[in-house]
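Just so you know, the sequence shown maps onto residues 838 to 1471 in the working numbering.
The next block holds one structure in the form of structure tokens; read it before the comments.
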Amino acid sequence: MTKQSITGLTLATFLAFGLVSQPVVTGQGTTVVSTTSMPTPPASRWNRLADQIESNLDAIRGDRLPNLDVAKSGFIASLTQLQQYLDTHTSRRNRAAWMRYIDAQPLADAIENDESVSTIGRLATELHQRMVGLHDGLELANFRQLRTSTEGLIAAAKFADSERSVPLLQRQLELLSKTLREIDSAPSTDDAAAIGTILGTLSESRQVPDLIANVRSSFASPNFRIDIPERTVQSAVMRDVNKLQPVRDCILGTALRGTSNLRGIVQADLQPSIGDVHMVLHLTGRFHSDNVGYNKPVRLTTVSDGNVHVTRSLFFGPNGSRLSAASAQLSLQSKVTSIQHRWRLVRRIASKRAAEQKPLADSIAREKLRRRVTSEFVRETDQAASLPSPNMMSRAEPYLLRLDLEKPQRTWGSTDTSMFIEGVMADTHQLSADRPAPMSDAGSDASIQIHESVVENTLAPLLSGRSFEQHELDDLLEQIGLPTQKPADDPIDEPEEPFQLRFTRFRPIIFESRDQKVRLGLRGSEFAQGDRELRRTNLEIAATYVPARLDDGSMWLIRDGEVSIRFPGRQRLGLRESAIRSTLRKSFENVFPETLLSKTWTTPDDFAIQAVAGRQFRSNHIDARDGWLTIGVR
838 MTKQSITGLT LATFLAFGLV SQPVVTGQGT TVVSTTSMPT PPASRWNRLA
888 DQIESNLDAI RGDRLPNLDV AKSGFIASLT QLQQYLDTHT SRRNRAAWMR
938 YIDAQPLADA IENDESVSTI GRLATELHQR MVGLHDGLEL ANFRQLRTST
988 EGLIAAAKFA DSERSVPLLQ RQLELLSKTL REIDSAPSTD DAAAIGTILG
1038 TLSESRQVPD LIANVRSSFA SPNFRIDIPE RTVQSAVMRD VNKLQPVRDC
1088 ILGTALRGTS NLRGIVQADL QPSIGDVHMV LHLTGRFHSD NVGYNKPVRL
1138 TTVSDGNVHV TRSLFFGPNG SRLSAASAQL SLQSKVTSIQ HRWRLVRRIA
1188 SKRAAEQKPL ADSIAREKLR RRVTSEFVRE TDQAASLPSP NMMSRAEPYL
1238 LRLDLEKPQR TWGSTDTSMF IEGVMADTHQ LSADRPAPMS DAGSDASIQI
1288 HESVVENTLA PLLSGRSFEQ HELDDLLEQI GLPTQKPADD PIDEPEEPFQ
1338 LRFTRFRPII FESRDQKVRL GLRGSEFAQG DRELRRTNLE IAATYVPARL
1388 DDGSMWLIRD GEVSIRFPGR QRLGLRESAI RSTLRKSFEN VFPETLLSKT
1438 WTTPDDFAIQ AVAGRQFRSN HIDARDGWLT IGVR
């Protein structure tokens, strides 16, 4: 079992892009930026949903709750199948290592011995936490099946007492209704997290699926978007054409020898499309040739000039690319500049014959030129379209499976001004964005937009209720693109002992993007370091960043003040809390550096959008509002 980096492979890593830098801004001017928030929908939208919920309070039914006996049988069957799979597909040593890591036997024994529901629920929860991680192999079907059956067992244990569960679930509906009614116009980050938590409880208890769908429909806008303006596409596609070729041809019995030159430019125009990016490729140029024609004893010199315009549509998206047939339009004018023969009579006859044949000869020449130019354009565009379509999702999919995350729904498309990929990163009970992304910056070469729900949906399930040693937390932060920076050793201070932190179940990760402020942090319920402990004490560690523009036009996120260490619900801090706060501030000053997005970002060579693949960018636009973080780069 080995760990691998997921940097750049999940959308949650867009939070930092690996563009983290410790030094403070010095030697350059900065300007803190603010913009106006987008209009918000009326509160009546949420009141209507609350009315629907209150009319469905009696729809909670005990006979729909998951059955504990069925869940136990399903778990034992999945564990047996996994053991059989390991018996036949790996070495005895690796099998033993996996079984030690999973440590599922205590839960299997508890089921066999018919131990208490609380014991089974606790052991199942601990097992599920081990089944969600970054270890190679957790994405395999047998491991995922064991994880799914463990989730079913947790839900069945949670709702084993139907007489208690039904009124508790009704109170959850009442709380959901109350939360919706208290939304003024747009839900806060806490509102959205609370609604998502309640929907998750209702979903695992198998209640009111239609109501869950209705609530989710108000949070169903795409929650991530990548936007590439047409000028960026144009800069990647546009190229000059200057082709000088020999002429070896025969038209109406006259052998032609000479040179031709096609000079022009290849450009691309985006067209409105959903499902694929639609790009029309154009070759616009001017043709010129100087030839000598030989027809028995007569020699003619000719000049031809014309305009050429060839177009072809390219469609590309998640399923590859395809090209339409090419279409060519051209004009061609030719003239005989001289007729050479020693006899004047022959020259006069040849001139007359050339004039008679000129319409047909021009027509043949135009058709040959059309076929030649079209054939060359088709060959070159075929080569471009035959390149393997990069599939970033194939790389990300194993990590998504290991972390029990849904594969994001993605839509490719284009308008007449940009191409885009947008989608939803959410499980069947999770929420997406409550509104579309704001307009991206027109002055950027590319824009990346993430909604708060992306981070909530991807990291919260991984962290919720779990304990991490300091080195494990450092590893995790590095995996998601926030590597900790070790402080310089101080010979005077004694090294700090490593700590252990248990994350809260509700909103363990903080990512808020509102009112031109980005707030990052985490929440814990327990903390231990050496002989110092905090039990059942809420702990919040966070830092606030504001966009600032530098004199060179780039934009960074700059930390606003110190890292905040709070103990929500505590009016006064004792000596123990004060000492722990001092320790935490030292540790997390390195997790939340003074600047973000301050480094150059290089896209992978096989980035899904070839127009920006392998290029270096710096952030030139940052907008944080209404739950959306927009980062424009140039």
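No residue lacks a Cβ here, since even glycine has one placed at the ideal position from N, Cα and C.
query	result
Quick one: Cα of GLU1000 to Cα of LEU1017, how far?	27 Å
If you run the structure through DSSP and keep just helix, strand and coil, what is MET1392?	strand
Report the CB separation of HIS1119 from GLN1104 in whole angstroms; it is logged as a contact under 8 Å.	5 Å
So, helix, strand or coil for ARG1360, using DSSP?	strand
Just to confirm the assignment, what range does the alpha helix (DSSP H) spanning ARG937 have?	929-939
Count Cβ pairs between the region 1195-1205 and the region 927-945 that sit closer than 8 Å; are there 3 or more?	no
Look at the Cβ atom of GLY1095, then the Cβ atom of VAL1070, and state whether they are nearer than 9 Å.	no
For MET1262 versus PHE1429, is the C-beta distance shorter than 9 Å?	no
Let me know the secondary structure DSSP gives THR1174 once reduced to three states.	strand
Spatial neighbours of LEU1013 within its chain, please: C-beta separation below 6 Å, excluding the five flanking residues on both sides.	ILE890 and ILE1035
If you draw a straight line from the alpha carbon of SER1188 to that of ASP1253, how long is it in whole angstroms?	52 Å
ASN1079: buried (16+ other C-beta within 10 angstroms of its C-beta) or exposed?	exposed
Which residue wins for smallest C-alpha separation from GLN1170, given the options ASP1127, THR1038 and PRO1405?	ASP1127
Closer than 7 Å by C-beta to TRP1465: which residues in its own chain qualify, once you throw out the five before and the five after it? Chain order, please.	ALA1274, PRO1275, GLN1286, HIS1288 and SER1350
Which stretch, first to last residue, makes up the alpha helix (DSSP H) that contains HIS1146?	From DSSP, HIS1146 is part of no alpha helix (DSSP H) but of the beta strand (DSSP E) over 1135-1154.
Nearest to ILE1417 by alpha carbon, out of GLY1358, ARG1462, ILE1468 and GLU1334?	GLU1334
Which same chain residues end up closer than 6 Å to GLY1469 when comparing Cβ atoms and leaving out the 5 residues on each side of it in sequence?	ASP1278, SER1281, SER1284, ASN1457 and HIS1458
Three or more C-beta pairs closer than 8 Å, one from the region 1397-1407 and one from the region 1374-1388: is that the case here?	yes
On the three-state DSSP scale, how would you describe GLY1095?	strand
Whole-angstrom Cβ separation of ASP1271 and SER1055, contact assumed at under 8 Å?	6 Å
Which two residues bound the contiguous alpha helix (DSSP H) that contains ASP951?	ASP951 -> no alpha helix (DSSP H), and no H or E assigned at all.
Specify, as a first and last residue, the run of the alpha helix (DSSP H) that ILE1035 falls within.	1026-1041
Going by Cα to Cα distance, which pick from ARG1452, SER1110, ASN1427 and GLY1260 is closest to GLN1439?	In the sequence under discussion, the amino acid at residue 1439 is Thr, which differs from the Gln named in the question. Selected option, being the one with the closest Cα: ARG1452.
Measuring alpha carbon to alpha carbon, tell me which residue in PHE1153, ARG981 and LEU1206 is nearest TYR922.	ARG981
Applying the 10 Å Cβ sphere with the 16-neighbour rule, what's the burial state of ASP1472?	Outside the modelled stretch of the chain, which goes from 838 to 1471, sits residue 1472, for which no answer is possible.
Would you report the Cα separation of ARG1208 and GLY1250, rounded to the nearest angstrom?	32 Å
What are the complete beta strand (DSSP E) segments, minimum 3 residues, inside the region 1238-1285?	1246-1251 and 1255-1261
Would you mind reading off the limits of the alpha helix (DSSP H) that contains ILE913?	905-926
Identify, in the order they occur along the chain, each residue of the same chain with its Cβ nearer than 6 Å to the Cβ of GLY1358, setting aside the five sequence neighbours on each side.	ILE1347, ILE1378 and ALA1379
Which one or two residues does DSSP pair with PHE1454 in a beta bridge?	TRP1438
Among residues of its own chain, excluding the 5 on either side of ALA908, which ones have a beta-carbon nearer than 7 Å to its beta-carbon?	GLY989, LEU990 and ALA993
Could you tell me whether the Cβ atoms of VAL1400 and GLU1426 are closer together than 9 Å?	yes
Which first and last residues belong to the alpha helix (DSSP H) in which LEU886 is found?	881-891
Check whether the region 1178-1197 and the region 1146-1158 are in contact - that is, three or more C-beta pairs closer than 8 Å.	no
Does the region 1106-1123 come close enough to the region 1173-1188 to have 3 or more Cβ pairs within less than 8 Å?	no
Please state if the CB of GLY1033 and the CB of GLU1293 are separated by a distance shorter than 9 Å.	yes
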